[in-house]
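One structure is given below, encoded as structure tokens.
Numbering (our numbering), first residue to last: 1 to 270.
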């Protein structure tokens with residue numbers, strides 16, 4: 001496995017526990033972390049051994065967004081100095097992270113505590129499930145520093161999660177949404193004390209790991225496509241395709257047999 005300097009990766013069976021590990025900088029995104037996140041999520045594309053990813057932050061924050069103290073991160077500055085083409089390359093390096101998060105076949109669960117601002121908010125939104133600590137506070141910080149709030153997929157994910165009205169409020173003002181309101185709007189699945197986040201995610205992992213591996217992968221894929229499906233027919237066509245693929249596997253036969261015998265299935269991903 002690749003050795004990273006800003007990511008701490010702990011493997012536990014089929015789960016990767018990925019910790020953003022720049023606590024002294026509130027896990028803000030510097031060029032090294034951006035490169036490492038790009039590399040890590042790309043590495044998952046063909047990796048069937050990793051079944052679920054848990055993403056969290058070290059120290060007092062999930063991720064405070066882009067490290068503005070590192071001028072090499074400043075796409076606005078680089079665009080002025082070297083032109084829009086170079087600026088766009090810098091911008092795309094960051095936005096590509098959430099593209100890879102959505103493309104990878106593993107469900108991603110974010111454990112959000114403390115600040116999740118700007119790019120950190122985007123990482124949480126691009127995850128499949130979010131569990132918040134009581135200290136969680138999230139915002140589209142971009143608009144507060146002279147940029148548009150529509151950045152790194154936020155304008156795509158946020159209205160789909162909380163509706164256009166609440167998304168407009170948060171993005172046009174840059175105001176924070178805290179844990180209790182995030183739960184009320186459906187932005188997070190539950191809120192727990194910060195020190196109980198890892199305990200809270202365990203039932204999700206246990207349940208996902210007892211599903212058939214192919215079924216879990218195809219469920220994430222189909223959910224992504226169904227959100228943007230142009231019609232009911234398009235969504236059902238993808239569902240039909242996935243069910244026929246799963247029905248041809250030994251795991252489907254095992255699942256039915258285990259159900260009849262009232263025991264836990266032993267899936268082999270074949």
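C-beta: ideal position from N, C-alpha, C; glycine also. All figures in this text were calculated on a predicted structure; none of them were measured in a lab.
Self-check item: residue 49, enclosing beta strand (DSSP E) - first and last residue
Solution: Against the chain shown, residue 49 aligns to sequence position 49. Here residue 49 belongs to no beta strand (DSSP E), and DSSP marks it neither H nor E.
Exercise. Output the distance between the C-alpha atoms of residue 4 and residue 36, rounded to the nearest integer angstrom.
Key: Indexing the chain shown from 1 puts residue 4 at position 4. Indexing the chain shown from 1 puts residue 36 at position 36. For residue 4 and residue 36, the gap between their C-alpha atoms comes out near 7 Å.
Quiz item: Per DSSP, residue 115 forms a beta bridge with which residues?
Solution: Looking up residue 115 in the chain shown gives position 115. The partner list for residue 115 (beta bridge, DSSP) reads 137.
Quiz item: Hey, is the region 47 to 56 in contact with the region 85 to 95, meaning 3+ C-beta pairs nearer than 8 Å?
Solution: Segments in contact, no.
Practice problem: Going by DSSP, name the residue or residues bridged to residue 16. | Solution: Taking the first residue of the chain shown as 1, we reach residue 16 at position 16. Beta-bridge annotation (DSSP): residue 16 is paired with 11, 53.
Quiz item: Candidates 213, 66, 257: which alpha carbon is nearest residue 242's?
Solution: Here residue 242 refers to the residue found at position 242 of the chain shown. Of 213, 66, 257, the residue nearest in Cα terms is 213.
Quiz item: Who are the near neighbours of residue 80 in its chain, counting only those whose CB is closer than 7 Å to its CB and skipping five residues on each side?
Solution: Here residue 80 refers to the residue found at position 80 when the chain shown is read from its first residue. Unreliable placement is indicated for residue 80, whose pLDDT of 43 sits below 50; the coordinate value is still reported in the next sentence. Cβ within range, chain order: n/a, list empty.
Practice problem: Taking only heavy atoms of the ligand GDP into account, decide whether any of them is closer than 7 Å to the Cβ of residue 202. | Solution: Summarising the ligand content, the structure contains no ligands, and the ligand GDP is consequently not present.
Self-check item: Alpha-carbon spacing of residue 177 relative to residue 121, whole angstroms
Solution: Locating residue 177 in the chain shown gives position 177, where the first residue counts as 1. Locating residue 121 in the chain shown gives position 121, where the first residue counts as 1. Whole-angstrom Cα-Cα distance: 10 Å.
Quiz prompt | Straight-line Cα distance separating residue 87 from residue 78 | solution = The residue labelled residue 78 in the question sits at position 78 within the chain shown. The residue labelled residue 87 in the question sits at position 87 within the chain shown. Bear in mind that a pLDDT of 44 at residue 78, under 50, signals an unreliable position, so the model cannot answer this.
Practice problem: Could I get the ranges of all uninterrupted alpha helix (DSSP H) runs contained in the region 213 to 239, with 4 residues as the minimum, in chain order? | Solution: Correct list: 213 to 227.
Self-check item: Local conformation of residue 262 per DSSP, three classes
Solution: As a working note, residue 262 is residue 262 in the chain shown. In the three-state reduction of the DSSP assignment, residue 262 falls in the coil class.
Quiz item: Opposite residue 199 in the DSSP bridges: which residues?
Solution: Position 199 of the chain shown, counted from the first residue, corresponds to residue 199. As far as DSSP is concerned, residue 199 takes part in no beta bridge.
Self-check item: Spatial neighbours of residue 74 in its chain, beta-carbon cut-off 6 Å, leaving aside the 5 residues before and after
Solution: Looking up residue 74 in the chain shown gives position 74. Here the model assigns residue 74 a pLDDT of 49, short of 50, so the residue's position is not dependable, and the following value carries that caveat. The answer is none, since no qualifying residue turns up.
Quiz item: Taking contact to mean at least 3 C-beta pairs separated by less than 8 Å, is the region 138 to 151 in contact with the region 175 to 193?
Solution: The region 138 to 151, when compared against the region 175 to 193, does touch it at the 8 Å Cβ threshold.
Quiz item: Using 8 Å as the threshold, is the region 226 to 244 in touch with the region 141 to 148, meaning 3 or more CB pairs across them?
Solution: Counting C-beta pairs with one atom in each stretch, the region 226 to 244 and the region 141 to 148 have fewer than three that are closer than 8 Å, which means they do not touch.
Quiz item: Residues in its own chain within less than 7 Å of residue 204 by CB, not counting five upstream and five downstream?
Solution: As a position in the chain shown, residue 204 is number 204, starting the count at 1. Same-chain partners within the cutoff: 109, 129.
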